[in-house]
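Student:
There are 2 protein chains.
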Amino acid sequence: MARKSEEERRRDLIAATIREIGASGTLNVTTSQIAKSAGVSPGLAFHYFTDKDTLFLAAMRSILTEYRADVTQALAGTRTPDERLHAIAQASFGMTSFRREAISAWVNFYALALRSEEARRLLSLYHRRLHSNLVHALRPKIRERAPDVARRIGGLIDGLYLRYALDTRTLRPPEEAVGAVDGSEGAQHVLRAIAAECTEVHENDEISMADADPAPMAPLAGPQE
Amino acid sequence: MARKSEEERRRDLIAATIREIGASGTLNVTTSQIAKSAGVSPGLAFHYFTDKDTLFLAAMRSILTEYRADVTQALAGTRTPDERLHAIAQASFGMTSFRREAISAWVNFYALALRSEEARRLLSLYHRRLHSNLVHALRPKIRERAPDVARRIGGLIDGLYLRYALDTRTLRPPEEAVGAVDGSEGAQHVLRAIAAECTEVHENDEISMADADPAPMAPLAGPQE
DNA sequence: CGTCATTAATTGACTCGTCAATCAATAACT
DNA sequence: AGTTATTGATTGACGAGTCAATTAATGACG
Numbered sequence: 001m002a003r004k005s006e007e008e009r010r011r012d013l014i015a016a017t018i019r020e021i022g023a024s025g026t027l028n029v030t031t032s033q034i035a036k037s038a039g040v041s042p043g044l045a046f047h048y049f050t051d052k053d054t055l056f057l058a059a060m061r062s063i064l065t066e067y068r069a070d071v072t073q074a075l076a077g078t079r080t081p082d083e084r085l086h087a088i089a090q091a092s093f094g095m096t097s098f099r100r101e102a103i104s105a106w107v108n109f110y111a112l113a114l115r116s117e118e119a120r121r122l123l124s125l126y127h128r129r130l131h132s133n134l135v136h137a138l139r140p141k142i143r144e145r146a147p148d149v150a151r152r153i154g155g156l157i158d159g160l161y162l163r164y165a166l167d168t169r170t171l172r173p174p175e176e177a178v179g180a181v182d183g184s185e186g187a188q189h190v191l192r193a194i195a196a197e198c199t200e201v202h203e204n205d206e207i208s209m210a211d212a213d214p215a216p217m218a219p220l221a222g223p224q225e
Numbered sequence: 001m002a003r004k005s006e007e008e009r010r011r012d013l014i015a016a017t018i019r020e021i022g023a024s025g026t027l028n029v030t031t032s033q034i035a036k037s038a039g040v041s042p043g044l045a046f047h048y049f050t051d052k053d054t055l056f057l058a059a060m061r062s063i064l065t066e067y068r069a070d071v072t073q074a075l076a077g078t079r080t081p082d083e084r085l086h087a088i089a090q091a092s093f094g095m096t097s098f099r100r101e102a103i104s105a106w107v108n109f110y111a112l113a114l115r116s117e118e119a120r121r122l123l124s125l126y127h128r129r130l131h132s133n134l135v136h137a138l139r140p141k142i143r144e145r146a147p148d149v150a151r152r153i154g155g156l157i158d159g160l161y162l163r164y165a166l167d168t169r170t171l172r173p174p175e176e177a178v179g180a181v182d183g184s185e186g187a188q189h190v191l192r193a194i195a196a197e198c199t200e201v202h203e204n205d206e207i208s209m210a211d212a213d214p215a216p217m218a219p220l221a222g223p224q225e
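Protein sequences appear in the order of chains P and U.
Sequential numbering from 1 applies to the first sequence in the UniProt record's numbering.
Sequential numbering from 1 applies to the second sequence in the UniProt record's numbering.
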């Protein structure tokens, strides 16, 4: 055997890929660039990954794993539903996700999903996980309305992420103030939206309770959409 | 002079560009492809557009103009704030925006914004217009809270658009069911989110009125975020 | 009305650089 | 000595952008 373990090389190459995508803002990154950034020769990339798309998908999986770890860690110390919601919001707009590299990779993977079935699968995996986390945190507060609300909150997170990520201020300075604009504003918005949704659910429940049906145990399982 | 007017040629080339981006799902489209699709020779593209990026930006402007016209038209017949909100939601998820071509172009322009200042400018122009439309429609309902809420609703629209646009079902069938998944579900979500935000604002106003301050004319201009 | 000169759009072959992927040679390890 | 990672030169294809030649229009003049 030679220099490094397969595991390590793969990691290096994936990290280099993300780094280069981050630096260029595109998937138009040459194998040479990536290899150079990983400190290996161009040929080696193809020894570990069959072709460039495979490498990109591996990088995407890596970004997703990283994000997942972030969320998991943030959720670890939580006890109340509100703490959980706070954790999810924070993680989605946290330092890890707002590095230039991560932003660049993330946005480009959206584009990749247009032409790669596998990328689409990974993206929907992320969607389902986020949805599941949100439902879990929302269920104690709004019961059967959780899935419907979670869908909107998930969409809101993605949308706001993109807005802040592509904000001129976030992106403009090539190197100077990398993380100048943090995402905490985005997280605030998400939490406010959640508050609004929950208030409305309770409002409606009270109305329907006071207004229509004297039986206090009406709906528990129903279709969400 | 020869065959066609400059205006017409530009239009043809831009349309072809969008068509090809839609077909391939990438900005990796050759000038030859575009020219062929526009029914002209490869060289001509460079006669009307200095280089490929210029052509892409022109295409992006075209998509934005189209969307704008769509919204304007939808807003034209409206009288009440609710009608206006409905119109905005509908237009954002309408047929025009959900064509495969438009989706592909839109997503790729997000990626383009990572490396092109001009693309970023256009994107933020879209953001400002959407925000302005939303504020205008929300103001009668929630006064000074409108800008804050509009920010979230704008983000929600973008996020949900992406989710439905990249949904496997929307994209999978290469040609068979082009507009199979329409965006009306997305529009529904947006309207529900707006309802929730408005309910909460009123709820809070009532609480603060009943609870804290007997003076009924407290806040009229305040910081939004 | 034709013919020819002028002007401008349009062509497509070509250049020059780039890059994904290959592979025979080599270096590092046991 | 044998095995396996690693190299880097190479190939073959492709594509952006150029440009000299071609074609179609306009109109000037006989």
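C-beta atoms are modelled at their ideal positions from N, C-alpha and C, and glycine is treated no differently.
Taking the C-alpha atoms as reference points, what is the distance between P/His131 and P/Lys52?
Tutor: Rounded to whole angstroms, P/His131 to P/Lys52 spans 31 Å at the Cα level.
Student: Quick test of your reading: U/Leu160 and P/Gly155, contact by CB under 8 Å. State the CB separation rounded to the nearest angstrom.
Tutor: 4 Å
Student: Quick one: does U/Asp158 have its CB under 8 Å from some CB of chain P?
Tutor: U/Asp158 counts as touching chain P.
Student: Give the range of the alpha helix (DSSP H) segment to which U/Glu101 is assigned.
Tutor: 100 to 112
Student: Against chain U, with Cβ distances strictly below 8 Å, would P/Ser37 count as a contact?
Tutor: no
Student: How big is the Cα-Cα spacing for U/Ala150 and P/Thr199?
Tutor: 18 Å
Student: How would you list, in chain order, the residues of chain P whose beta-carbon sits under 7 Å from the beta-carbon of residue 227 of chain U?
Tutor: The structure shown does not extend to residue 227 of chain U, since chain U is modelled only from 1 through 225, so no value can be given for it.
Student: What does P/Glu203 touch in chain U if you count any residue whose Cβ is under 7 Å from its own?
Tutor: Here the neighbours are Thr199, Glu203.
Student: Can you list, in chain order, the residues of the stretch 129 to 146 of chain P whose Cβ is nearer than 9 Å to any Cβ on chain U?
Tutor: none
Student: Can you round the beta-carbon distance between P/Ala137 and P/Ile88 to whole angstroms, since I take them to be within the 8 Å contact cut?
Tutor: 7 Å
Student: What did DSSP end up calling U/Ser41 once you bin it into helix, strand or coil?
Tutor: In this structure, U/Ser41 counts as coil in the three-state DSSP scheme.
Student: Determine the burial state of P/Gly186: buried for a count of at least 16 other Cβ atoms within 10 Å of its Cβ, exposed for fewer.
Tutor: buried
Student: Which value, in whole angstroms, describes the spacing of the CA atoms of P/Ile18 and U/Arg145?
Tutor: Straight-line measurement puts the Cα of U/Arg145 at about 40 Å from the Cα of P/Ile18.
Student: If you reduce the DSSP assignment to three classes, tell me which class P/Lys4 lands in.
Tutor: coil
Student: Under 7 Å Cβ to Cβ from U/Glu20, same chain only, skipping five residues before and after it: list those, please.
Tutor: Val29, Gln33, Ile34, Ser37
Student: Scan the UniProt domain "HTH tetR-type" (7 to 67) of chain P and note each continuous alpha helix (DSSP H) run of 4 residues or more that stays entirely inside, going in chain order.
Tutor: 31 to 38, 42 to 48
Student: Taking Cβ to Cβ, would you say U/Ala76 is nearer than 8 Å to U/Ala105?
Tutor: In this structure, U/Ala76 keeps its C-beta atom at 8 Å or more from the C-beta atom of U/Ala105.
Student: In chain order, what residues of the same chain have a beta carbon less than 7 Å from the beta carbon of P/Pro219, not counting five sequence neighbours either side?
Tutor: Its pLDDT being 48, under 50, P/Pro219 is placed unreliably in this model, and the value from its coordinates should be taken loosely. Taken in chain order, the residues that qualify are Glu144.
Student: Could you check the C-alpha separation between P/Pro81 and P/Ser97 for me, to the nearest Å?
Tutor: 23 Å
Student: Would you say P/Ala111 faces chain U, with C-beta separation under 8 Å as the test?
Tutor: Output row for P/Ala111: interface = yes.
Student: If we call anything under 8 Å between Cβ atoms a contact, is P/Ala102 one with P/Ala91?
Tutor: Cβ distance not < 8 Å, so P/Ala102 and P/Ala91 don't count as in contact.
Student: Under 8 Å between beta-carbons, which chain P residues line up against U/Thr26? List them in chain order, please.
Tutor: Ala111, Leu114, Arg115
Student: Chain P beta carbons: is any one of them nearer than 8 Å to that of U/Gln224?
Tutor: Residue placement at U/Gln224 is poorly supported in this model, since its pLDDT is 46, which falls under 50; the coordinates still yield a value, given next. Look at U/Gln224: its C-beta is not under 8 Å from any C-beta on chain P.
Student: For U/Ala113, collect the residues of the same chain with a Cβ closer than 6 Å to its Cβ; drop the 5 residues on either side in sequence, then sort them by chain order.
Tutor: Answer for U/Ala113: Ala119, Arg120, Leu123, listed in chain order.
Student: Identify which residue in P/Leu57, P/Glu66, P/Asp12, P/Thr65 has its Cα closest to the Cα of P/Ser41.
Tutor: P/Asp12
Student: Are U/Arg61 and U/Arg129 close, meaning C-beta to C-beta below 8 Å?
Tutor: no
Student: Out of P/Ala195, P/Pro147, P/His86, P/Tyr110, state which residue places its alpha-carbon closest to the alpha-carbon of residue 238 of chain U.
Tutor: The structure shown does not extend to residue 238 of chain U, since chain U is modelled only from 1 through 225, so no value can be given for it.
Student: Against chain P, with Cβ distances strictly below 8 Å, would U/Asp124 count as a contact?
Tutor: It is worth fixing the name first, because residue 124 of chain U is Ser in this sequence and not Asp. Taking Cβ atoms only, chain P reaches closer than 8 Å to U/Ser124, which makes this a yes.
Student: By how many angstroms is the C-alpha of P/Phe46 removed from the C-alpha of P/Glu117?
Tutor: 21 Å
Student: Under 8 Å, do P/Leu162 and U/Asp158 count as touching if we go by C-beta distance?
Tutor: yes
Student: Which one of P/Glu83, P/Arg192, P/Gly94, P/Gln188 has the shortest CA to CA distance from P/Pro140?
Tutor: P/Glu83
Student: I'd like to check one pair, P/Ile153 with P/Ala195: are the Cβ atoms closer than 8 Å?
Tutor: Going by C-beta atoms, P/Ala195 is not nearer than 8 Å to P/Ile153.
Student: With a cut-off of 8 Å, does the C-beta of U/Gly183 fall near any C-beta of chain P?
Tutor: Against chain P, the CB of U/Gly183 has no partner CB under 8 Å away; the residue lies outside that interface.
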